[in-house]
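**Q** Residues in the sequence shown are numbered from 1 upward in steps of one, following the UniProt record's numbering.
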Amino acid sequence: MCSILGVSRSGYYSWLKVQPSKRMIENQKLARRIKEIFIESRATYGTRRIRKQLATQEISVSRKRVGRLMKQNQLCCKIKRKFKVTTDSKHRLPIAKNVLDRNFSATGPNQKYVGDITYIRTQQGWLYLAVVIDLFSRKVVGWAMEDHMEASLVNDALLMALWKRKPKAGLIWHSDRGSQYASESHREILKDHQIKQSMSRKGDCRKRRYLGRYFAHPMMQNRRAKRDDYKPSAVRVTQRCVP
1 MCSILGVSRS GYYSWLKVQP SKRMIENQKL ARRIKEIFIE SRATYGTRRI
51 RKQLATQEIS VSRKRVGRLM KQNQLCCKIK RKFKVTTDSK HRLPIAKNVL
101 DRNFSATGPN QKYVGDITYI RTQQGWLYLA VVIDLFSRKV VGWAMEDHME
151 ASLVNDALLM ALWKRKPKAG LIWHSDRGSQ YASESHREIL KDHQIKQSMS
201 RKGDCRKRRY LGRYFAHPMM QNRRAKRDDY KPSAVRVTQR CVP
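Next up, the structure:
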């Protein structure tokens, strides 16, 4: 075997006697833990977040060392893509008054709903998710997912909420100034169900505080980052993310 490897017998036996250093053993253990965290994050964590996660386990290590071990083990995190705009407020459709006026509290269910749209990247293209949240329970009461951002997307989400909850006349429905919410078909639904439409002021993102807990769900974040995802599995993930 030594002749095949091109080394002397004495050199081979000397190599067998060499014990791994303490640092080498530490790096091996640390690399295994880094890989576990990396896999759990679905390849979305870089050196900063992995180091932070290790700190919660009382493992103190520098970002440089984490980066070196990640490189040695070929662990490369997925880079977040540029923000995709989901609100088209540059239109000539009617803009409703801000009836909600930043009052995001409710004394009972089915008094105030807020809605928004987010996006999910899949191998087959973008998916768009519209949700409706009751400000009393802070729970999703309606949602819809399509591969487009047309008015029918938000219409279906709202109709689901109306079918499930059957709110009385006078419900306040708050959203941004997107063309979907200002569309004629959407306004017809509101008129038929005697719903008061409310739209946020230009540049006001306060409602995102109540929608962010769902859009920032780890499973949703991971699905955004996973390039080889498919629409059916993205739908299943969304169903698990909303109550």
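Backbone N, C-alpha and C define an ideal beta-carbon position, used for all residues, glycine too.
Among the candidates V99, I117, H174, L135, whose CA atom is the shortest distance from the CA of G108?
**A** Comparing Cα-Cα distances from G108 to each of V99, I117, H174, L135, the minimum goes to L135.
**Q** In angstroms, rounded to a whole number, what distance separates the CA positions of F130 and K168?
**A** The sequence given here places Ala at residue 130; Phe does not occur at that position. Taking the straight line from one Cα to the other gives about 22 Å.
**Q** How would you write the range of the alpha helix (DSSP H) that L171 sits in, first residue to last?
**A** Here L171 belongs to no alpha helix (DSSP H), and DSSP marks it neither H nor E.
**Q** Cα-Cα, which of E26, W163, K35, I117 is closest to Q180?
**A** Nearest of E26, W163, K35, I117 to Q180, Cα basis: I117.
**Q** Does DSSP classify T122 as helix, strand or coil?
**A** Strand.
**Q** Beta carbon of L153, beta carbon of A144: below 8 Å?
**A** Result yes, Cβ atoms of L153 and A144 sit closer than 8 Å.
**Q** Between the segment 22-39 and the segment 65-72, do three or more beta carbon pairs fall short of 8 Å?
**A** Contact between the segment 22-39 and the segment 65-72 is present, because at least three Cβ pairs lie under 8 Å.
**Q** Who are the near neighbours of R201 in its chain, counting only those whose CB is closer than 7 Å to its CB and skipping five residues on each side?
**A** Within the same chain, R201 has close Cβ partners N98.
**Q** What are the partner residues of K112, as DSSP defines its beta bridges?
**A** Beta-bridge pairing links K112 to I172.
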